[in-house]
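Peer 1: So that you can map any letter, position 149 of the sequence shown is 600 in this note's numbering, and since no number is skipped, the others follow by simple counting. By construction, the Cβ of each residue, glycine as well, lies at the ideal position given by its N, Cα and C atoms. I have a structure here, written as structure tokens, and I will follow up with some questions on it.
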Amino acid sequence: MKIVLVHNTYQQPGGEDVIFEQEHQMLLHAGHQVITYCRNNWEVDSYSGIRRIGLAKRTIWASDTRQEFLQLLRREKPDVVHVHNTFVMISPSIYSACCEAMVPVVQTLHNYRLLCPAATFFRDGKVCEECMEGSLWQGVRHACYRRSYTATAVVALMLATHRMRDTWNREISCFVALSEFARNKFVQGGLREEKIFVKPNFVYPDPGARTGDGDYALFVGRLSPSKRVHTVLEAWKRLPVSIPIVIIGGGPDQEQLKAEAARAGLTNVHFKGQMPREQTLAAINNARLLVFASEWYENFPVTLVEAFACSTPVICSRMGVMEELIADGRTGLHFTPSDPVDLALKVQWAWAHPEEMRVLGRGARAEYEAKYTAEKNYPLLMQIYERAMQRSPTQSMNRP
452 MKIVLVHNTY QQPGGEDVIF EQEHQMLLHA GHQVITYCRN NWEVDSYSGI RRIGLAKRTI
512 WASDTRQEFL QLLRREKPDV VHVHNTFVMI SPSIYSACCE AMVPVVQTLH NYRLLCPAAT
572 FFRDGKVCEE CMEGSLWQGV RHACYRRSYT ATAVVALMLA THRMRDTWNR EISCFVALSE
632 FARNKFVQGG LREEKIFVKP NFVYPDPGAR TGDGDYALFV GRLSPSKRVH TVLEAWKRLP
692 VSIPIVIIGG GPDQEQLKAE AARAGLTNVH FKGQMPREQT LAAINNARLL VFASEWYENF
752 PVTLVEAFAC STPVICSRMG VMEELIADGR TGLHFTPSDP VDLALKVQWA WAHPEEMRVL
812 GRGARAEYEA KYTAEKNYPL LMQIYERAMQ RSPTQSMNRP
């Protein structure tokens with residue numbers, strides 16, 4: 452099979468980039484011919500003056516990208532195009548190119564961008580679904596994307612334009628939702644239920660199960676309000692014994708969180724900043740437990756299945772996909788979202804019961820082997836590609 456993989460990377464690497472590369476390598480290993488079409492949002496920095504003003508139009512419809520991609524399709528004649536992200540340099544214009552070339556499209560729904568300008572369903576410290584339940588302009592009113600009214604208006608206009616064109620339902624053959632929770636949200640938001648298939652993230656290659664108990668707790672993720680590292684620090688203030696925790700990740704809250712830990716005298720909290728994936732996996736493999744305190748509708752955090760692969764138990768918020776993925780008492784523990792007292796109790800219990808944590812670790816590893824290996828993931832992806840190729844994309848030359 453000849454497959455074109457499409458991805459627009461963000462300025463700060465994340466889980467989407469990991470999954471894109473993992474699927475790329477998995478498909479190559481299976482013997483498929485894979486062509487990648489990638490752009491990077493660092494390109495934005497090269498825009499100045501009048502060209503930067505033109506970025507708003509590009510976000511909605513990048514004519515040059517559409518033409519370049521159409522030429523690629525006509526030259527390569529792929530069986531299927533698999534899109535991971537088009538925001539911001541590629542734009543949704545490539546779906547129209549696929550329709551013109553009569554090539555089916557699979558779109559992975561890595562985040563909630565199609566329903567929410569901020570892509571997170573999170574505002575002012577809590578879950579917010581106003582743009583899905585009402586108008587996209589609620590997001591503009593609150594400057595939800597990058598705390599900018601202008602930037603949010605551009606994203607909202609892009610979404611409104613393509614909703615009006617019915618781009619998502621008309622020009623995309625199949626969607627990949629990463630969990631049942633996410634699938635239900637996208638159906639609620641208007642995507643056609645029969646087009647959405649659940650295929651979880653996976654870890655490839657297998658990092659291997661840990662061999663010891665680990666001597667520290669670990670947090671891995673972007674240091675932003677929705678990840679609730681503040682809740683982690685509040686929990687650590689309440690621990691009756693000193694338990695070291697390593698925090699891996701960068702983000703807008705990094706310096707504020709460091710200062711908070713210093714003021715509280717938390718000498719057992721160690722900020723490591725952004726680290727390469729290999730080093731992050733090694734840290735997960737050597738940790739006694741992973742803390743995941745998010746309070747937004749995480750789509751499918753790669754970190755969780757990386758912890759499963761390393762047989763590292765997870766203590767997570769009892770909400771959304773975290774509750775779906777982590778079986779309380781079997782692969783990890785749940786705590787009440789935004790409750791540092793409950794989190795502290797769960798961490799304290801976990802630290803005092805190493806044998807029980809080994810059992811949870813074995814359960815996590817068994818879950819990985821049953822659901823989240825490349826061998827389990829590959830046939831799911833192939834089934835979705837086959838479904839997409841059975842659908843004839845609507846040929847459309849419309850322009851917004």
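1. Which runs of the beta strand (DSSP E) spanning at least 3 residues fall entirely within the stretch 742-788, listed in chain order?
2. Of all the options His561, Tyr596, Gln589, which has the alpha carbon lying nearest to the alpha carbon of Phe852?
3. To the nearest angstrom, how far is it from the Cα of Val485 to the Cα of Gln476?
4. I need the straight-line Cα distance from Leu784 to Gly665, nearest angstrom please.
5. In this structure, what does DSSP give as the bridge partners for Phe670?
6. Checking the sheet assignment: what are the DSSP bridge partners for Ala628?
7. If you drop the 5 nearest sequence neighbours on each side, which residues of the same chain put their C-beta closer than 7 Å to that of Gly700?
8. In chain order, what residues of the same chain have a beta carbon less than 6 Å from the beta carbon of Glu622, not counting five sequence neighbours either side?
9. Does the contact criterion of 3 or more C-beta pairs under 8 Å hold for the stretch 767-779 versus the stretch 735-748?
10. Verify whether the separation of the beta carbon atoms of Phe759 and Ala801 is less than 8 Å.
11. Alpha carbon to alpha carbon, how far is Leu669 from Val539? Give it in angstroms, no decimals.
12. Please give me, in chain order, every unbroken run of the beta strand (DSSP E) with length at least 3 that falls completely inside the stretch 467-524.
13. What residue range is occupied by the uninterrupted beta strand (DSSP E) comprising Ile623?
14. Would you identify the three-state DSSP class for Thr845, choosing helix, strand or coil?
15. Are the CB atoms of Leu832 and Lys646 nearer to each other than 8 Å?
16. So is Asp468 buried or exposed if we call it buried at 16+ other beta carbons inside 10 Å?
17. Does DSSP classify Ile735 as helix, strand or coil?
18. If you drop the 5 nearest sequence neighbours on each side, which residues of the same chain put their C-beta closer than 6 Å to that of Val457?
19. Going by CA-CA distance only, name the one from Trp493, Ile454, Ile511, Arg616 that's closest to Arg526.
20. Sort Gln462, Gln841, Leu811 by Cα distance to Arg739 and report the nearest one.
21. Val531 by DSSP, collapsed to three states: which one?
22. Does the Cβ-Cβ distance between Gly640 and Leu523 come in under 8 Å?
23. Take Lys723 and list the residues in its own chain whose beta-carbon comes closer than 7 Å to its own, dropping the five residues that flank it on each side.
24. Is Trp588 closer than 8 Å to Ala602 when the C-beta atoms are compared?
25. Tell me where the beta strand (DSSP E) around Thr559 begins and ends.
26. Compare the Cα-Cα distances from Pro830 to each of Lys636, Leu755, Phe648 and report the closest residue.
27. For Lys678, does the count of other Cβ atoms within 10 angstroms reach 16, so buried, or fall short, so exposed?
28. Would you call the CB atoms of His416 and Arg574 closer than 8 Å?
29. What residue range does the beta strand (DSSP E) around Val720 cover?
Peer 2: In this structure, then:
1. Inside the stretch 742-788, DSSP marks whole beta strand (DSSP E) runs of 3 or more residues at positions 765-768, 783-786, from first to last along the chain.
2. An answer regarding residue 852 cannot be provided, because it is not within the stretch 452 to 851 covered by the chain.
3. 9 Å
4. 17 Å
5. As computed with DSSP, Phe670 is found in a beta bridge with Ile698.
6. Val649
7. Val671, Gly672, Arg673, Leu674, Gln725
8. Tyr546, Cys550
9. yes
10. Not closer than 8 Å, so no.
11. Going from the Cα of Val539 to the Cα of Leu669 covers about 32 Å.
12. 484-491
13. First-last for Ile623: undefined, no H or E at that position.
14. A caution first: Thr845 carries a pLDDT of 48, below 50, which makes its placement in the model too unreliable to give a value.
15. Not closer than 8 Å, so no.
16. buried
17. Under the three-state reduction of DSSP output, Ile735 falls in the helix class.
18. Tyr488, Val534
19. Nearest in C-alpha terms to Arg526, of all of Trp493, Ile454, Ile511, Arg616, is Ile454.
20. Selected option, being the one with the closest Cα: Leu811.
21. strand
22. Contact: no.
23. Val697, Ile698, Ile699
24. no
25. 556-559
26. Ranking Lys636, Leu755, Phe648 by Cα distance to Pro830 puts Phe648 first.
27. The residue in question, Lys678, is buried, as its Cβ has 16 or more Cβ neighbours within 10 Å.
28. Because the chain here runs from 452 to 851, residue 416 falls outside it and cannot be looked at.
29. 720-724
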